[in-house]
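Working notes, structure below.
Numbering (my numbering), first residue to last: 12 to 533.
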């Protein structure tokens, strides 16, 4: 797959800034022409000006809205409008937390280094990473977790851990791309690839998106059926999920931080629910530790292993994270601001995926404890999992069936909203659609809801068929990974796109090794 080089005079495209030619007014000439008796301060200032000029020349091409004409800006689809972005107080003046006088900021501006760490700034940057982590906790993941636990016991926990670690690396690259360029992956694919490749990548992204959305909506519908004690059928749960998704998305009108707070509540609900189940079932700590540290893989568990990888590393999530990081106001023309944003996003994403790993581990070990080696192991799935848990571990203070239903509902609702978000970014980025957000959300929802209702009606009377479908949808996600991973690695490796923020050869080797180990699973 070839990438188009930037034509030097291509209309409507922001080009990388080249070093300006020396002129009578340039810092180089001024420094050379300075009298021999001039002070060292003037010479040092001129030298710093030259260094800043050269550093700016190596920064990535300005994103739409960061250096292009206003006419071009109006024609470009953007993840967030300027008024929607959160101000993270990367100030050009005194720091309100430290009471400084802005000297650190001036020093960072001249050197390109990130300012000192601040807990307040970390809090302001917190949000996009946790929204991204939802894709690691959707009903497809829970399906993969429970089947891996029931069929393979604790033996695939090591794969879950390393898949999450590789997922973190991929998501950090996606964040790096979005922060450094001010554009997300779908937009860059539209500009950098020829038309045939762009259409193929868009089609693959939509296929992956629809496959993930079916799992998310069906999972939420199953939870509604459990919590309503079977009163609401599967198709009714699908309709309810489709409608309440728009209600949650409307919270964005009150600010990005409000929507992020809702996601934080849903993640906390999942964590409490599945930790409660973990505590109730009392899994063996020794087996859990061996499962994490000792790699084991047999031919009998290959399908579950591929499903674990596919449900943890989801293609649409790469597009999503590269767009979510643009919800903070960053000036891509200031290297120290980009470096600071990358630092805080890296910390936040690591914390978010550590939480998601623990939640997935809870689910896997619960089902490994209860059903590994039993006759029910091959038949257990999302819809009947709660009933099996209830029969195996009983009710206690609060019936485990409803604990499972609450956790599943939180996973389904949160992942459905982020799935809609991702669909909007994918469609808008590849096709450059300048539509109102509710229109894009409606189109994105329609792509998934129509096939999901068909699935709900067809599989409503067959639990086993629905579980098999979910398992193969996880495998579908695995097959789609290269169509997001290859463009991402290619783009973050290009100096024309990333400037000084392109990744080094060691990171490229790590990602290629991941592909080399991953692809033979098929």
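Using N, Cα and C, we set each Cβ at its ideal position, and we do this for glycine too.
- [ ] Measure the Cβ-Cβ separation of residue 301 and residue 161 and say whether it is below 8 Å.
- [x] no
Open item on the list: Need the endpoints of the alpha helix (DSSP H) that residue 423 sits in, please.
Closed with: For residue 423, the enclosing alpha helix (DSSP H) covers residues 411-442.
Task: residue 80 in three-state terms, based on DSSP - done: Residue confidence for residue 80 is low, a pLDDT of 43 falling below 50, so the modelled location carries little weight and cannot support an answer.
Open item on the list: On a Cα-Cα basis, can you pick out the residue from 277, 495 and 287 that is closest to residue 409?
Closed with: 287
Open item on the list: Taking the straight line between their C-alpha atoms, what separation do you get for residue 466 and residue 506?
Closed with: 45 Å
Open item on the list: Could you check whether the stretch 418-433 touches the stretch 129-140, counting it as contact only if at least three pairs of C-beta atoms, one from each stretch, sit closer than 8 Å?
Closed with: no
Task: Simplified DSSP assignment, three categories, for residue 513 - done: coil
- [ ] Have a look at residue 491 and residue 224 and give me their C-alpha separation to the nearest angstrom.
- [x] 14 Å
- [ ] For residue 144, collect the residues of the same chain with a Cβ closer than 6 Å to its Cβ; drop the 5 residues on either side in sequence, then sort them by chain order.
- [x] 363, 364 and 367
Task: Proximity to residue 381 [Cα-Cα], best of 360, 405 and 370 - done: 405
Task: Where the alpha helix (DSSP H) through residue 206 begins and ends - done: 206-238
- [ ] Quick one: measure Cβ to Cβ for residue 253 and residue 456, integer angstroms, because I've assumed they're closer than 8 Å.
- [x] 6 Å
Open item on the list: Between which residues of its own chain and residue 107 is the CB-CB distance below 6 Å, once the five residues before and five after are set aside?
Closed with: Its pLDDT being 42, under 50, residue 107 is placed unreliably in this model, and the value from its coordinates should be taken loosely. Counting only Cβ-Cβ distances below 6 Å, and skipping sequence neighbours, we find nothing.
Open item on the list: Within a Cβ cutoff of 7 Å, which residues of the same chain sit near residue 336, ignoring the five residues on either side of it in sequence?
Closed with: 139, 186, 189, 190 and 356
Open item on the list: Would residue 285 and residue 341 be called neighbours here (beta carbons separated by less than 8 Å)?
Closed with: no
Open item on the list: Please tell me whether residue 327 and residue 219 are closer than 8 Å, where the distance is taken between their beta carbons.
Closed with: yes
Open item on the list: residue 493 and residue 351 - do their beta-carbons sit closer together than 8 Å?
Closed with: Residue 351 places its beta carbon 8 Å or farther from that of residue 493.
TODO: Tell me, please, which residues DSSP counts as bridged to residue 97.
DONE: 339
Open item on the list: Quick check: the Cα distance between residue 500 and residue 95, rounded to an integer number of angstroms?
Closed with: Roughly 29 Å separates the two Cα atoms.
Open item on the list: So, for residue 249: in the same chain, excluding its five sequence neighbours on each side, which residues have a beta-carbon less than 6 Å away from its beta-carbon?
Closed with: 228, 232, 463, 464 and 467
TODO: Within 10 angstroms of the Cβ of residue 389, are there 16 or more other Cβ atoms? Answer buried if so, exposed if not.
DONE: exposed
Task: Proximity below 8 Å, CB of residue 330 to CB of residue 437 - done: yes
- [ ] Please state whether DSSP places residue 355 in a helix, a strand or coil.
- [x] In the three-state reduction of the DSSP assignment, residue 355 falls in the helix class.
Task: Pair within 8 Å by beta-carbon distance, residue 452 and residue 424 - done: no
Open item on the list: Do residue 375 and residue 171 have their beta-carbon atoms positioned less than 8 Å apart in this structure?
Closed with: yes
Open item on the list: Tell me whether the stretch 145-157 and the stretch 267-283 touch, counting them as touching only if at least three CB pairs, one residue from each stretch, are closer than 8 Å.
Closed with: By the C-beta criterion, the stretch 145-157 is judged to be in contact with the stretch 267-283, since at least 3 inter-stretch pairs fall below 8 Å.
- [ ] Could you spell out the range, first to last residue, of the alpha helix (DSSP H) harbouring residue 267?
- [x] 267-292
Task: Cα-Cα separation, residue 168 to residue 322 - done: 14 Å
- [ ] Have a look at residue 296 and residue 377 and give me their C-alpha separation to the nearest angstrom.
- [x] Note on geometry: alpha-carbon atoms of residue 296 and residue 377 lie some 12 Å from one another.
Task: residue 400, buried or exposed, once every other Cβ within 10 Å from all chains shown has been counted against 16 - done: buried
TODO: Could you work out which residue in 513, 153, 239 and 179 is closest to residue 349 when comparing CA atoms only?
DONE: 513
Task: residue 11 vs residue 155 beta-carbon contact at 8 Å - done: For the chain, the structure presents residues 12 to 533; residue 11 sits outside this window and is missing.
- [ ] Taking only the alpha-carbon atoms, compute the straight-line gap between residue 483 and residue 245 and give it to the nearest angstrom.
- [x] 20 Å
TODO: Can you tell me the Cβ-Cβ gap for residue 184 and residue 503, rounded? I've got them flagged as a contact below 8 Å.
DONE: 5 Å
Open item on the list: If you measure between the beta carbons of residue 450 and residue 267, is that distance less than 8 Å?
Closed with: no
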